[in-house]
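Novice:
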Amino acid sequence: KRRYGPRPEQQEPGLPMSAAGALRRAEAGRYRQTSLCARRPRDCTVFGTAISLCALIAPLSAPARAARRPTSPHLASASKMAEPVIDPELPIIDPHHHFFLTPSPASIVGHESHSPVGRYYAEELAEDLNSGHNVVATVFVQCYEMYRTDGPPHLKYVGETEFVQGAAAIANSGILGPCKFCSGIVATADHEADAATMRETIAAHRAAGRNFRGIRFLGGQSYRIPFAEPRFREAFAVLVEEGIPFDVNGPESSFPLDFGKTLGDIADLAEAFPNATIIVNHCGGLIGPKAFGGDGGAAALQAWKDGIVRLGKLPNVYMKLGGITMTRNGFDLEKRATPVGSSELAELLLPYMGHILDCFGAYRCMFESNFPMDKPCVSYATLWNTFKRIADKKGLSDVEKKAVFAGTAAKVYRLALPS
Numbered sequence: 088k089r090r091y092g093p094r095p096e097q098q099e100p101g102l103p104m105s106a107a108g109a110l111r112r113a114e115a116g117r118y119r120q121t122s123l124c125a126r127r128p129r130d131c132t133v134f135g136t137a138i139s140l141c142a143l144i145a146p147l148s149a150p151a152r153a154a155r156r157p158t159s160p161h162l163a164s165a166s167k168m169a170e171p172v173i174d175p176e177l178p179i180i181d182p183h184h185h186f187f188l189t190p191s192p193a194s195i196v197g198h199e200s201h202s203p204v205g206r207y208y209a210e211e212l213a214e215d216l217n218s219g220h221n222v223v224a225t226v227f228v229q230c231y232e233m234y235r236t237d238g239p240p241h242l243k244y245v246g247e248t249e250f251v252q253g254a255a256a257i258a259n260s261g262i263l264g265p266c267k268f269c270s271g272i273v274a275t276a277d278h279e280a281d282a283a284t285m286r287e288t289i290a291a292h293r294a295a296g297r298n299f300r301g302i303r304f305l306g307g308q309s310y311r312i313p314f315a316e317p318r319f320r321e322a323f324a325v326l327v328e329e330g331i332p333f334d335v336n337g338p339e340s341s342f343p344l345d346f347g348k349t350l351g352d353i354a355d356l357a358e359a360f361p362n363a364t365i366i367v368n369h370c371g372g373l374i375g376p377k378a379f380g381g382d383g384g385a386a387a388l389q390a391w392k393d394g395i396v397r398l399g400k401l402p403n404v405y406m407k408l409g410g411i412t413m414t415r416n417g418f419d420l421e422k423r424a425t426p427v428g429s430s431e432l433a434e435l436l437l438p439y440m441g442h443i444l445d446c447f448g449a450y451r452c453m454f455e456s457n458f459p460m461d462k463p464c465v466s467y468a469t470l471w472n473t474f475k476r477i478a479d480k481k482g483l484s485d486v487e488k489k490a491v492f493a494g495t496a497a498k499v500y501r502l503a504l505p506s
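Here the sequence shown stands for residues 88 to 506, where the numbers follow the numbering used here.
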């Protein structure tokens with residue numbers, strides 16, 4: 088009891104066991120008799136691997152957990168800001184979040200990708216998921232974590248799928264709460280691969296994780312994707328044949344942002360492959376004051392609006408509403424002495440998300456958290472309150488709300504909604 092914490096029957100009713108205590112008990116007791124060298128668990132070797140991995144790399148003591156988290160006063164207050172949860176029974180599938188265990192994992196692929204809040208894994212995600220809203224499932228989206236260091240280069244990306252499938256096993260155990268996080272996994276692949284290599288990569292992802300559901304190239308950096316090149320389109324055809332959804336961002340990283348070309352390239356791809364399922368992330372790019380303020384801002388805003396109108400006419404294109412309250416979007420929410428509330432944030436985001444809902448409709452939209460990338464600017468509970476306020480402002484019916492908060496994501500990523 089001193090070493091591993093209270094037994095389940097000693098836990099306070101209604102509260103999940105702490106992640107640290109749960110992982111210690113799991114490693115010390117339930118899985119002690121299952122040596123990965125001696126035998127393979129019936130379900131999935133990744134489960135045992137994930138439990139061992141967490142026990143080895145997670146600093147489990149209270150001082151260590153405190154030390155690994157950012158010390159920014161604003162981040163702490165944003166995460167803890169109390170705001171009554173709106174419509175707490177509404178089922179939510181969060182279709183876009185990340186995990187970060189390593190300081191700068193993307194250095195191995197030449198793309199800067201890092202967590203603005205330090206470590207963000209199952210325990211940290213669960214703290215957000217358990218903050219009041221009825222989040223029943225989530226979809227992890229690739230972020231350059233845990234690539235393999237051996238084997239063929241085009242299969243190094245499969246390591247991330249193995250890693251996240253382990254997190255899904257932790258979710259299924261229930262030790263961190265009721266949400267089945269990582270029910271879907273959007274992985275990545277080599278965007279320069281030929282068709283045969285792409286087919287091999289897809290097969291490897293499926294073998295590595297039963298929750299594998301989609302592909303996003305290059306962290307979604309659309310300006311680096313050769314949409315029109317024959318080699319890319321031959322490989323993309325494999326995704327379509329295999330029924331693999333394709334996630335992609337709008338322009339975000341290369342200034343000046345060319346919304347017309349980038350969103351146009353995505354539209355051209357969707358028109359060339361009408362049977363493809365394409366999901367545009369983060370409202371179609373780096374949306375907000377940074378992109379639409381200053382010289383050329385008005386033209387950029389109009390180009391974005393026109394691009395959204397064109398994409399909205401294509402029935403095989405879906406849109407994720409979110410990911411625009413990051414520090415780099417330019418709202419300066421992280422600089423406030425008092426964290427933003429959902430009423431004000433809904434007014435800030437409505438011009439953008441409202442336009443998308445007008446063009447796509449609720450049945451081809453899904454709200455996303457993009458955590459932890461948006462976490463320095465707004466708490467998880469406040470963000471989902473914001474989305475619910477936007478849904479009300481747009482006059483969405485109860486059926487449409489069920490779609491935009493869960494049903495669309497369930498359809499696109501083939502996830503089961505609880506009855």
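No residue lacks a Cβ here, since even glycine has one placed at the ideal position from N, Cα and C.
For clarity, every value in this text was computed on a predicted model and none was experimentally measured.
1. Here's the rule: buried if 16 or more other CB atoms are within 10 angstroms of the residue's CB, otherwise exposed. What is Q389?
2. From what residue to what residue does the beta strand (DSSP E) around A274 run?
3. Over the uninterrupted alpha helix (DSSP H) stretch that includes Y253, give me the two end residues.
4. In the DSSP assignment, find the unbroken beta strand (DSSP E) run with I302 in it and report its ends.
5. Where does P182 fall in DSSP's three states?
6. Below 7 Å between beta carbons: does that hold for C217 and I179?
7. Would you verify that the beta carbon of G219 is, or is not, closer than 7 Å to some beta carbon of chain D?
8. Out of L212, F474, V325, M406, which has the shortest C-alpha to C-alpha gap to P175?
9. Just the Cα atoms here: how many angstroms apart are K377 and S260?
10. In its own chain, which residues sit with a C-beta less than 8 Å from the C-beta of A324, not counting the 5 before and 5 after it?
11. Specify whether the segment 390-403 and the segment 457-467 touch according to this definition: at least 3 beta carbon pairs, one from each stretch, less than 8 Å apart.
12. Mapping the DSSP letters down to three states, classify Y450 as helix, strand or coil.
13. Please tell me whether V245 and I272 are closer than 7 Å, where the distance is taken between their beta carbons.
14. Could you compute how far the alpha carbon of T414 sits from the alpha carbon of L373?
15. State the DSSP-derived secondary structure class of V333, mapped to helix, strand or coil.
16. Which of helix, strand or coil does DSSP assign to L437?
17. Taking the alpha helix (DSSP H) that K489 falls in, what are its first and last residues?
Specialist: With the given structure in hand:
1. The count along the sequence shown starts at 1 and reaches residue 389 at position 302. Q389 is exposed by the Cβ-count criterion.
2. Locating residue 274 in the sequence shown gives position 187, counting from the first residue. Note, A274: beta strand (DSSP E), 267-274.
3. Stepping through the sequence shown from its first residue, residue 253 is reached at position 166. A quick correction: the sequence has Gly, not Tyr, at residue 253. Start and end: 245-260.
4. The sequence position of residue 302 within the sequence shown is 215, counting from 1. Per DSSP, I302 belongs to the beta strand (DSSP E) from 299-303.
5. Taking the first residue of the sequence shown as position 1, residue 182 is located at position 95. P182: strand per DSSP, three-state reduction.
6. Looking up residue 217 in the sequence shown gives position 130. Looking up residue 179 in the sequence shown gives position 92. According to the sequence as given, residue 217 is Asn; it is not Cys. At a Cβ-Cβ threshold of 7 Å, N217 and I179 do not count as neighbours.
7. The structure shown has no chain D; it contains just one protein chain.
8. If you number the sequence shown from 1, residue 175 lands on position 88. Taking only the C-alpha atoms, the option nearest P175 is F474.
9. Taking the sequence shown and counting its residues from 1, one reaches residue 377 at position 290. Taking the sequence shown and counting its residues from 1, one reaches residue 260 at position 173. Taking the straight line joining both Cα atoms gives about 42 Å.
10. Looking up residue 324 in the sequence shown gives position 237. So the qualifying residues of the chain are A282, F360.
11. Taking 8 Å as the limit for Cβ pairs, the verdict is that the segment 457-467 does not touch the segment 390-403.
12. Taking the sequence shown and counting its residues from 1, the one referred to as residue 450 is at position 363. In the displayed model, Y450 falls within a helix according to three-state DSSP.
13. The residue you call residue 245 lines up with position 158 of the sequence shown. The residue you call residue 272 lines up with position 185 of the sequence shown. No. Outside cutoff.
14. Taking the sequence shown and counting its residues from 1, one reaches residue 414 at position 327. Taking the sequence shown and counting its residues from 1, one reaches residue 373 at position 286. When the Cα atoms are used, T414 and L373 turn out to be separated by approximately 11 Å.
15. What you label residue 333 is simply residue 246 of the sequence shown in a count that begins at 1. Val is not the amino acid found at residue 333; the sequence shown has Phe there. If DSSP states are grouped into helix, strand and coil, F333 belongs with the strands.
16. In the sequence shown, residue 437 corresponds to position 350, counting from 1. Secondary structure of L437 (DSSP, three-state): helix.
17. The residue labelled residue 489 in the question sits at position 402 within the sequence shown. 485-489 is the span of the alpha helix (DSSP H), which, as asked, contains K489.
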